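Reading through the structure tokens given below for one structure.
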Amino acid sequence: MTRQAIIVLLLLTCVFTSHAKVITHVQGDLEKDYKKISLLSKAGTTKKASEFIKSILRGLGDSDVTFESCPGPHEEIYDIDDDYSHTEPDLAKKNIDITLILEGVMIEDTHVDQLHVDVYWNGNLFHTEDHKLDEDIEEQEPYELKFSWFVPGFAPSGPYLVDLIVKAAGQELGCERVAFKL
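Quick note, this note's numbering runs 36 ahead of the 1-based positions in the sequence shown.
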């Protein structure tokens, strides 16, 4: 090998082992990370590869949670407001307790006795559970329903849909769909 070839190899080895060029493929809602990468690129800043990868991976499990009416025909005795329904904390991720809070108004006097939960993962029914409730709600009275559960670290990654069906004496009062990704 010539002296020039050795110098070039040494330089390339030093460059590739100590710094990483920022190359991204943005999927889903990684806008935060994309902005971070863009700012680094514009500033001409480089980071060590391991630090860069760790900083990107930290936020990948976080997902916004959206609320919408369940598809198909559903009873609307409990008129659930998509805009005011929310979660605590705001983002869905693994290894936390998450509370889904439905905000709405009862259209007639009702005794709420059950919350039925269907969880879909990657478009397939993944889990079903029922929770007993015992609440009397008057007509036009605001009604806030809170449902909490722990999202385990071993939960499969991917898109989730959760249908929350509020019932009275076995009859549906209202249904809300919650969407997020883990």
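Note that the Cβ used here is the ideal one computed from N, Cα and C, for glycine as well. Given the structure is predicted, the values throughout are model-derived calculations rather than measurements.
In the structure shown, Ile-143 falls within a coil segment according to DSSP collapsed to helix, strand and coil. In this structure, Lys-168 lies away from Tyr-196, with their beta-carbon atoms at least 8 Å apart.
In the DSSP assignment, Val-153 forms a beta bridge with Glu-165 and Leu-200. In the DSSP assignment, Gly-194 is bridged to no other residue. Under the DSSP assignment, Asp-115 falls in the beta strand (DSSP E) whose first and last residues are 114-116.
Proximity to Gln-176 across Phe-190, Val-141 and Ile-201 peaks at Val-141, based on C-alpha coordinates. Taking the Cα of Asp-170 as reference, the smallest distance to any Cα among Lys-203, Cys-211 and Asp-126 is reached at Lys-203. The beta carbon of Asp-117 is closer than 6 Å to those of Glu-139 and Gly-140 in its chain, skipping five residues each way along the sequence. A Cβ-Cβ contact shorter than 8 Å links Leu-209 with Thr-146. A residue is called buried once 16 or more other Cβ atoms fall within 10 Å of its Cβ, and Phe-103 is buried on that count.
Asn-160 sits in a strand when the DSSP states are folded into three classes.
Distance from the CA of Pro-107 to the CA of Ile-143, rounded to the nearest whole angstrom, comes to 20 Å.
For Gln-207, the enclosing beta strand (DSSP E) begins and ends at 207-217. Distance between Glu-212 and Pro-192, taken at the CA atoms: about 23 Å.
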